[in-house]
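**Q** Take a look at this one; I'll ask things after.
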């Protein structure tokens, strides 16, 4: 049973790290701000989600697990807002140019 | 290498970097940034001191930690005052520079405030 | 290393030591809270009380012959924080306690608030003036190096906005430059504090002093803290911020900035080298400090000679006079140490009075003539004799001519430097005196001769008498009795005295 | 080398690299963004140094609120900062400065490494006296009990900073609200964020303050989170910045130090010394003082970021 949980954690966190890496590479390599945003938000949210998922079975209490989920939700919220704002700024700049 | 040792090295490097920025960067905002870097380097040195003073079941001496918390708040207040000065200067003069020549050209009638 | 905390015990009447800090803090908070005209009243009501407390502290120190100690929050150092007043603290406390109300009385005409409304400059001035008092009290009484750091920061935050009260671009730039130098100074000081705590586990000066050994951490801490404090004291070559900051502030603020605020960080340099690091060999660092001081005397005086505006001239003379303060450091070990110390303290106090008097006079001159261009001061002394008398009497102290506190200070320092064979400082002091005579002559000689110019406005009698009173105190310090110098030695570590 | 050590070394290199970027980046805006990243990385370093209270403060104030301040300034200064560019130091002067800075850094690194490993410390005394404060978090005990005098004075520093920032206003704006006169329309995206985040954030802020008595956290960190919530609400234009002559605002700004001071003076009457607490009342007194400190911090930080008054006061 323990082994299964460990394997699950490793798999989920590993996948999460992979998405983080992919997102970072996208951020650095993609040509224009909008596609960079795309890489960043999609990959990071998924990446963080998977890491949280991997950590969930290891949390000491229900409260700790809830806190982990709350962190993920808050990051989602902040990420979505930031992406919106950046996107709009890009569009405004683009239309002005 | 322990994390305390590493932290000490980083702290020392940050103080050096910040000092360089404070002296060599001409723009006031960059000087403020550099001051903040230097400050955080100093706080890290406090952190190392705290870590090396771990005792009585504590992982780190609380006294330097409390000093760092005080220091961070004071550093923020200092940055706020400095940033607002820079912005006000920019507003009043159209440029934010500390260079003397920029002000030497202004007419000086000696009728300063009394 | 175990620290013996029994060494710190509160003395009778020690509770008095909290008042010079707490009273102006109450003043700051209430002035800001209820604002308007009441800020001025609060300041004017509290200042005499604060002066009375300062005098009471001085009396207690005098009567007991021992430093006054108080431990705060019921915890003794090293865990808690102590306040401590020795002879030097008491003298500086009384000096500040006299100059701040003088500046306040002078400032009433410039920073009056109309009934009912609150105006910007008055509220800021009255609040920050009390902030400076609180900060200086922390610095003069603090016995804990980190508490002193907080005091230094208080001083910076209270002093910098006073520089740019008028909001002109050049004063804003001067304030910003001042702030950056001051912040650099604080960070370096704080770094030194971290190293000393790391090496000895205490920041209480009395507990730290006996533990200090000449080891790398101590030397580096000493160098960093000294460098930081010098930036705040504006010792050459870190003086670049001072002239434009001090010369462009309102006169009452200039008087406090030049007379008192730079003395705060100087006071800590003395605390550092005479108390905390008393056991270190002090000749090499002392010589470096004195060499910088000598350079400041010569450089500041020469630049003062070349200024076109009176307030700039006075500001550059501050750069020079700060130099004298540092001549006490190489003379701190040996039988002449007491004379050198007395000379340094006398210079700090008499320069504070003289410089405050001069900046107030310069303010009156600029207000009455509509300018402070030195070339156009011809005959002005005939139109406003009392103002120029104050300027001249203050100048007496700067030149080091008798009778003045400045004379006693320079005489004691010269005596000490000749006694220990370091006559080079005496030569510098003589040269500095001549140069000071030169720059004051440039101002005073034309002012007393020629047609008296048309005044835009007569200086108010009351404001002239404030400046004159300060200048007179600088003169009267010449008649300090021998007991005064014995008083200054109260609380000096035995290390220095043992060699006598 | 263990995994943790490798991570430590990676973190150290990363912190150093981002720090160097904030100094050497070409544009001021890029540099400030770098600084925010740097601050977040630094709070990880603090966690590795087992200083969670500091990590929270660094993340909230050192990186968060300072970041908002600096990024806002960089955005407003665009175009203005280049004016000073040509005034940079000559090559030789820069080399000399670099040499000096490297020397300072090396000396510091050497001394820090030489500090004794089981160094002298006040950890033991902090723990011995912890019981009589009624607290469980020794860092809070240092801040509000052993060295409460420092903390009270530091609160006064914050008040003076507000006075200093406001003093930069034009005379006609004194007493008015800070910030530009704003478009009445709230920014919809930010407004949504603020509406969701602010209630949660207030909860978290109060929680962090409350647990600070016994666990990592406290008045500074909790207050900073509350401050951030107020800033988000103001940024979303859901509410206006208050008038600087409002009595409630000034009362909130000075409440922390004033209550602290009053308790300190009361200590001299009831507990035999300034800033002392009677043992039976220690914990309630500390929490009482801290409550007002949280309030003052939550109000002070946004006012420092908002800058001097820029609108004429309404009567």
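Residue numbers (the working numbering), protein chains in the order written: chain P, 72 to 168; chain W, -13 to 100; chain E, 55 to 554; chain F, 16 to 330. Backbone N, C-alpha and C define an ideal beta-carbon position, used for all residues, glycine too. Model, not experiment: these values are computed from the prediction.
1) Look at the alpha carbon of residue 552 of chain E and the alpha carbon of residue 70 of chain E, and state the distance between them as a whole number of angstroms.
2) Tell me whether residue 167 of chain P sits in a helix, a strand or coil according to DSSP, three-state version.
3) Counting only C-beta atoms, is residue 207 of chain E closer than 8 Å to chain C at any point?
4) Spatial neighbours of residue 63 of chain F within its chain, please: C-beta separation below 8 Å, excluding the five flanking residues on both sides.
5) Taking residue 499 of chain E as part of the alpha helix (DSSP H), name the residues at either end of that continuous run.
6) Return helix, strand or coil for residue 129 of chain E, following the three-state DSSP convention.
7) Could you list the residues in the stretch 206 to 218 of chain F with a C-beta less than 8 Å from some C-beta on chain P, going in chain order?
8) Only counting the same chain, and skipping five residues up and downstream in sequence, which positions put a Cβ closer than 6 Å to that of residue 297 of chain F?
9) The alpha helix (DSSP H) spanning residue 56 of chain F covers which residue range?
10) What are the complete alpha helix (DSSP H) segments, minimum 4 residues, inside the stretch 199 to 286 of chain E?
11) Going by C-alpha distance, which of F:175, F:93, F:253 and F:301 is nearest residue 275 of chain F?
12) Taking the C-alpha atoms as reference points, what is the distance between residue 247 of chain E and residue 90 of chain P?
13) Just the Cα atoms here: how many angstroms apart are residue 189 of chain F and residue 255 of chain E?
14) Quick one: Cα of residue 418 of chain E to Cα of residue 249 of chain E, how far?
15) Using a Cβ-Cβ cutoff of less than 7 Å, which residues in the same chain neighbour residue 296 of chain E once the five nearest sequence positions on both sides are dropped?
16) Per DSSP, residue 137 of chain E is paired with what?
17) Assuming residue 116 of chain F is part of the alpha helix (DSSP H), what are its boundary residues?
18) Within the same chain, show all residues whose beta-carbon is closer than 6 Å to that of residue 283 of chain F, passing over the 5 residues directly before and after it, in chain order.
19) Roughly how many whole angstroms lie between the Cα atoms of residue 189 of chain P and residue 163 of chain P?
20) Measure how close the beta-carbons of residue 206 of chain F and residue 317 of chain F come, nearest whole angstrom, since I'm counting them as under 8 Å.
21) By the three-class DSSP mapping on this structure, what secondary structure does residue 546 of chain E have?
22) Alpha helix (DSSP H) containing residue 378 of chain E: first to last residue?
23) Alpha carbons only, please: which of E:333, E:299 and E:385 is nearest the one belonging to residue 345 of chain E?
24) What number of angstroms, rounded off, separates the C-alpha of residue 490 of chain E from the C-alpha of residue 453 of chain E?
25) According to DSSP, simplified to helix, strand and coil, what is residue 30 of chain W?
26) Classify residue 335 of chain E: buried if its beta carbon has 16 or more other beta carbons within 10 angstroms, exposed otherwise.
27) Quick one: complete alpha helix (DSSP H) runs, 4+ long, within the stretch 198 to 227 of chain F?
28) Helix, strand or coil for residue 162 of chain F, going by three-state DSSP, please let me know.
29) By the three-class DSSP mapping on this structure, what secondary structure does residue 100 of chain P have?
30) Please return the same chain residues whose Cβ sits closer than 6 Å to the Cβ of residue 259 of chain E, not counting the five positions on each side in sequence.
31) Roughly how many angstroms lie between the CA atoms of residue 73 of chain E and residue 133 of chain E, to the nearest whole one?
32) How is the alpha helix (DSSP H) around residue 529 of chain E delimited, first residue to last?
33) How is residue 555 of chain E classed by DSSP in three states: helix, strand or coil?
34) Are the C-beta atoms of residue 299 of chain F and some chain E residue less than 8 Å apart?
35) Distance cutoff 8 Å, beta carbons only. Does residue 253 of chain E sit that close to anything in chain F?
36) Per DSSP, residue 324 of chain F forms a beta bridge with which residues?
**A** From the atom records:
1) Residue confidence for residue 552 of chain E is low, a pLDDT of 37 falling below 50, so the modelled location carries little weight; the figure read from the coordinates is stated next. Approximately 31 Å, taken between the alpha carbons.
2) Because residue 167 of chain P carries a pLDDT of 48, less than 50, the predicted location of this residue cannot be relied on, and the following value inherits that uncertainty. In this structure, residue 167 of chain P counts as helix in the three-state DSSP scheme.
3) Looking at the structure shown, chain C is missing, and the protein chains on hand are P, W, E and F.
4) 23 and 26
5) 477 to 502
6) coil
7) 207, 208, 211, 212 and 215
8) 148 and 149
9) 43 to 63
10) 199 to 217, 223 to 254 and 259 to 262
11) F:301
12) 45 Å
13) 47 Å
14) 48 Å
15) 288, 369, 372 and 373
16) E:124 and E:196
17) 106 to 129
18) 289
19) Here chain P covers residues 72 to 168 and nothing more, so residue 189 of chain P does not appear.
20) The Cβ separation is near 17 Å, so there is no contact.
21) coil
22) 364 to 379
23) E:385
24) 5 Å
25) helix
26) exposed
27) 203 to 226
28) coil
29) helix
30) 197, 329 and 330
31) 22 Å
32) 515 to 530
33) The structure shown has nothing for residue 555 of chain E, since chain E only spans 55 to 554.
34) no
35) yes
36) F:193
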